[in-house]
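Numbering (UniProt numbering), first residue to last: 1 to 255.
Note that the Cβ used here is the ideal one computed from N, Cα and C, for glycine as well.
Take a look at the structure below.
Here you go:
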């Protein structure tokens, strides 16, 4: 990739920035989890499920959206009507800053009779889209370890996962700062792995202590861990700076 171009960040929603509890079995597990956080009222259509935001989501979004080195887009396998509600709920007024908002209609049908066909995301569709990659700024490769950042799945139905004190997004912020400082993004992804699966592949853990979050880490103070239920991201940001101006800062020296 030409590092004169921005780094394109393609974000998933469910399991990455938030989690949606929809199935009956998930709801039962949620009620049985004593450490489950409070749900968000995103105004999803009936049957759309319950939404829970990942801790420190506001810090993460503020960093990447304000940084001039990143172009940010969302690609979720959710249906359009649910996708837009979740995107607007997670990003607030900054949803308009996204380079694109892709959903199930952009996913690929792999011929399965099950609904998991919708989670197939062919990166070649991004590279071939003239509105996104018309200037051919980004490497036209398929999904691989050199263009994919593994992040622990955010769940609220597993009592063994500390969903209240998860700092994964803060580790990602530190990692993205390392990517910004290199001319070869693929080399960093290959040689400085952030998260990795454990031996049986069922869980993901921090693999690089350079990006661990200590209890006195300054980044912990930027936003509250969890957005107050009655507030939007911009109302929370107003406690740190006035209005949307916080997102106009050049964060290149602060990430």
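As assigned by DSSP and simplified to three states, the class of residue i
i, result
"residue 14", "strand"
"residue 24", "helix"
"residue 38", "coil"
"residue 7", "strand"
"residue 225", "coil"
"residue 91", "helix"
"residue 120", "coil"
"residue 211", "helix"
Whole-angstrom distance between residue j and residue i, CA atom to CA atom
i, j, result
"residue 17", "residue 183", "27 Å"
"residue 69", "residue 63", "11 Å"
"residue 20", "residue 54", "11 Å"
"residue 170", "residue 164", "14 Å"
"residue 82", "residue 104", "10 Å"
"residue 97", "residue 52", "22 Å"
"residue 225", "residue 56", "5 Å"
"residue 86", "residue 129", "23 Å"
"residue 166", "residue 174", "15 Å"
"residue 172", "residue 209", "12 Å"
"residue 161", "residue 34", "11 Å"
"residue 26", "residue 95", "28 Å"
"residue 205", "residue 40", "27 Å"
"residue 181", "residue 67", "13 Å"
"residue 47", "residue 93", "25 Å"
"residue 223", "residue 187", "31 Å"
"residue 149", "residue 122", "16 Å"
"residue 78", "residue 215", "35 Å"
"residue 120", "residue 219", "34 Å"
"residue 125", "residue 107", "9 Å"
"residue 73", "residue 24", "31 Å"
"residue 102", "residue 227", "25 Å"
CB contact flag (residue i, residue j, <7 Å)
i, j, result
"residue 211", "residue 194", "yes"
"residue 71", "residue 8", "yes"
"residue 13", "residue 76", "yes"
"residue 43", "residue 22", "no"
"residue 191", "residue 15", "no"
"residue 176", "residue 185", "no"
"residue 5", "residue 157", "no"
"residue 132", "residue 91", "no"
"residue 151", "residue 168", "yes"
Cutoff 7 Å: residue i Cβ touching any chain B Cβ
i, result
"residue 89", "Among the chains in the structure shown there is no chain B, since it carries only a single protein chain."
Boundaries (first-last residue) of the beta strand (DSSP E) holding residue i
i, result
"residue 257", "The shown model of the chain, from 1 to 255, leaves out residue 257, and the question about it has no answer."
"residue 157", "Unbroken run through residue 157: none, as it is neither H nor E."
"residue 197", "195-197"
The alpha helix (DSSP H) enclosing residue i, as first and last residue numbers
i, result
"residue 168", "168-180"
"residue 130", "130-133"
"residue 149", "Note, residue 149: premise wrong, no alpha helix (DSSP H); not H, not E."
"residue 189", "185-191"
beta-carbon residue i near the ligand HEM non-hydrogen atom, thresh 6 Å
i, result
"residue 181", "This structure simply doesn't include the ligand HEM, nor any ligand for that matter."
**Request:** For the stretch 43-85, list the beta strand (DSSP E) runs that are entirely contained and at least 3 residues long, ordered along the chain.
**Result:** 50-53 and 70-75
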